[in-house]
């Protein structure tokens, strides 16, 4: 059994609905995590995705943030929100559990805080969120299940992941404090799926400003991070770069992993 599991920051479902539906019809992934849906749950167009054969679960928020999971497999379990701070109302995490071949696969979709400007409360919030995420992942790893943590991490892992890394250094996406939190995540045993299959340059985000797409001035901030049990099942990773060149695109493109179960 092959499962194709993708992540995509769509930058607003109302603005990108036709784009997303077209891509789903073309590629037919099995499970997709969407970030920045920018709508409350009631405003998400579930029927359009259900018509394509997807089960839909959302964790929405008015005008900002918001995440969704689309799956051709039925949901066994759904979790919304990152534990560790009961006062945090930002909708940035949704997790689904799915039955496969006598076992399960757990897919957790996140929209990690951007953290800019770094001299505001947004950067400490990002770092605290990453601490909470690492604690959450540590608990998930004890289950010894195929666990796929995917989404917009708002983090550039290494110089190869930016067209001009010097220009990004010091940004909340690419500075020592953020990279240290991500290093902790990797050292817990989580594998960067793309880097498991290629060492070549690959970007997932091109800003709408300054002709970034035309100049290929991109960065890689959308990731699939895998538990050992998921990494063992990874076959390939595809960055759907062509989607950035379509009409009314998101500034991010889908990143898809193929897994054998």
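Numbering (full-length UniProt numbering), first residue to last: 1 to 261.
Note that the Cβ used here is the ideal one computed from N, Cα and C, for glycine as well.
Query: Beta-carbon separation (whole angstroms), residue 69 vs residue 110, contact threshold 8 Å; Result: With a Cβ gap of about 11 Å, residue 69 and residue 110 do not count as contacting.
Query: Rounded separation between residue 36 and residue 62 - CA only; Result: 11 Å
Query: Proximity of residue 60 and residue 41 at Cβ, strictly below 7 Å; Result: yes
Query: Residue burial classification, residue 66 (beta-carbon count within 10 angstroms, cutoff 16); Result: buried
Query: Residue 259 - partner residues in DSSP beta bridges; Result: 3 and 234
Query: For residue 206 and residue 152, the rounded distance between their alpha carbons; Result: 13 Å
Query: Unbroken alpha helix (DSSP H) run spanning residue 137, endpoints; Result: 122-141
Query: For residue 27, the three-state DSSP class (helix, strand or coil); Result: helix
Query: Sequence-distant residues of the same chain with beta carbon closer than 6 Å to residue 195, five excluded per side; Result: none
Query: Nearest-angstrom Cα separation, counted from residue 171 out to residue 192; Result: 21 Å
Query: Outcome for residue 198 when other beta-carbon atoms lying within 10 angstroms are tallied against a minimum of 16; Result: exposed
Query: Which residues DSSP lists as bridging residue 82, in chain order; Result: Answer is none; residue 82 lacks a bridge partner.
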